[in-house]
Amino acid sequence: MTYREQIRKDRIPRHIAIIMDGNGRWAKARGKERFFGHQNGVLAVDKITVACVELGVEYLTLYAFSTENWNRPTAEVDFLMDLMSEAIKKYIEKACKNNVRLLVIGDMSRLTDKSRNNLNEAMRLTEKNDGLKLVIALSYSSRWEIVDAVKKIAEKAKSGELDPSQIDEDLVSNHLTTAGIPDPDLMIRTSGEYRISNFLMWQLSYSELYFTETLWPDFDEEELSKAIVDYQKRERRFGKTSEQISK
Ligand code: IPE
Ligand code: IPE
Ligand code: MG
Numbered sequence: 000m001t002y003r004e005q006i007r008k009d010r011i012p013r014h015i016a017i018i019m020d021g022n023g024r025w026a027k028a029r030g031k032e033r034f035f036g037h038q039n040g041v042l043a044v045d046k047i048t049v050a051c052v053e054l055g056v057e058y059l060t061l062y063a064f065s066t067e068n069w070n071r072p073t074a075e076v077d078f079l080m081d082l083m084s085e086a087i088k089k090y091i092e093k094a095c096k097n098n099v100r101l102l103v104i105g106d107m108s109r110l111t112d113k114s115r116n117n118l119n120e121a122m123r124l125t126e127k128n129d130g131l132k133l134v135i136a137l138s139y140s141s142r143w144e145i146v147d148a149v150k151k152i153a154e155k156a157k158s159g160e161l162d163p164s165q166i167d168e169d170l171v172s173n174h175l176t177t178a179g180i181p182d183p184d185l186m187i188r189t190s191g192e193y194r195i196s197n198f199l200m201w202q203l204s205y206s207e208l209y210f211t212e213t214l215w216p217d218f219d220e221e222e223l224s225k226a227i228v229d230y231q232k233r234e235r236r237f238g239k240t241s242e243q244i245s246k
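The sequence shown stops at residue 246 when you use numbering that gives the first Met the number 0, and every number in between is there.
Now the structure itself:
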């Protein structure tokens, strides 16, 4: 039986977040430049998005480019920026066909005007779609996001719009780039790296983590299904005892 067939339809994770890692190593293993890996990584994004639409996943968040990735060689950064904004532009039609809404989280101020315009246009043209929400984390890092939220909250406290005693978890959540998006149920990282790399550190507090050796361009529907089947076997306790959960 395939993993796809083993998935329980009544326990599909509502929000899946993925650290798409291993494009460079995938290309290197084929004697190719890193760029080739990134191009093939985009094809994997397409496949996984279709799979999530079919499975009825509500939110798919993909870590595409981190704040720290700005420190890569300029040629790679420029290539990635072009590749991503072009891929998103091309994807708009298909997104509408599949009722997918595109959202981008991250520090958009660091992008070129052209990239930013492409992304804003994609968000605008898909904003009425109420199927899968595809959230692209681009120029994103959790520490950047938290610092940004702290600044906004401090400004409100300073102007008197908010009293510090009103600051609670919900208020902090509502100042993050993911405001309104439920926390991920399942976080997947490909390529055999066992770290978070500055991704959704607040939001992943109670997510189930899944790591695979598979490199991102090879990650397909069956690999995704395997991760979901694994997730479905877990007991999410949120600090309680097993007995409390099974009641
Ligand atoms: C992930 O693949 C894509 C980005 C971080 C943009 P990498 O480019 O990190 O590939 P490896 O980890 O070097 O194999
Ligand atoms: C994490 O991958 C960021 C993205 C997938 C966008 P990296 O390849 O940048 O992570 P590190 O440097 O190995 O932690
Ligand atoms: Mg990497």
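Note that CB positions come from ideal geometry on N, CA and C, so glycine has one too.
Inter-residue spacing [alpha-carbon to alpha-carbon] between residue i and residue j
{"i": "residue 41", "j": "residue 102", "result": "17 Å"}
{"i": "residue 45", "j": "residue 149", "result": "35 Å"}
{"i": "residue 169", "j": "residue 26", "result": "42 Å"}
{"i": "residue 216", "j": "residue 28", "result": "12 Å"}
{"i": "residue 15", "j": "residue 202", "result": "12 Å"}
{"i": "residue 96", "j": "residue 162", "result": "46 Å"}
{"i": "residue 131", "j": "residue 31", "result": "34 Å"}
{"i": "residue 17", "j": "residue 159", "result": "39 Å"}
Assumed close pair residue i, residue j - CB separation to whole angstroms, cut-off 8 Å
{"i": "residue 48", "j": "residue 133", "result": "6 Å"}
{"i": "residue 66", "j": "residue 106", "result": "7 Å"}
{"i": "residue 91", "j": "residue 125", "result": "7 Å"}
{"i": "residue 70", "j": "residue 100", "result": "Residue 70 to residue 100, Cβ: 31 Å. No contact."}
{"i": "residue 228", "j": "residue 87", "result": "That belief does not hold up - the Cβ atoms of residue 228 and residue 87 are roughly 30 Å apart, past 8 Å."}
Nearest neighbour of residue i, chosen from the options [CA to CA]
{"i": "residue 82", "options": "57, 108 and 118", "result": "118"}
{"i": "residue 139", "options": "158, 112, 68 and 113", "result": "68"}
{"i": "residue 214", "options": "36, 173, 236 and 181", "result": "36"}
{"i": "residue 142", "options": "11, 158 and 196", "result": "196"}
{"i": "residue 74", "options": "34, 159 and 192", "result": "34"}
{"i": "residue 11", "options": "237, 240 and 231", "result": "231"}
Residue i: CB within 7 Å of a non-hydrogen atom of ligand 2
{"i": "residue 247", "result": "Absent from the structure is residue 247, since the part of the chain shown begins at 0 and ends at 246."}
{"i": "residue 64", "result": "yes"}
{"i": "residue 107", "result": "no"}
{"i": "residue 67", "result": "yes"}
{"i": "residue 19", "result": "yes"}
Proximity test, residue i beta-carbon vs ligand 1 heavy atom, cut-off 7 Å
{"i": "residue 159", "result": "no"}
{"i": "residue 238", "result": "no"}
Requested in this report: Report the residue ranges of all beta strand (DSSP E) runs contained in full by the stretch 68-153; include only those spanning at least 3 residues, in chain order.
Outcome: Fully enclosed beta strand (DSSP E) runs of 3 or longer: 100-104 and 132-139.
Query raised in the report: Which runs of the beta strand (DSSP E) spanning at least 3 residues fall entirely within the stretch 170-223, listed in chain order?
Result: DSSP runs (the beta strand (DSSP E)) wholly in the stretch 170-223: 185-188 and 207-210.
Report task. Kindly provide the ranges of any beta strand (DSSP E) runs that are 3 or more residues long and lie completely inside the stretch 43-69, ordered along the chain. Result -> Entirely contained in the stretch 43-69, the beta strand (DSSP E) runs reaching 3 residues are, in chain order, 58-65.
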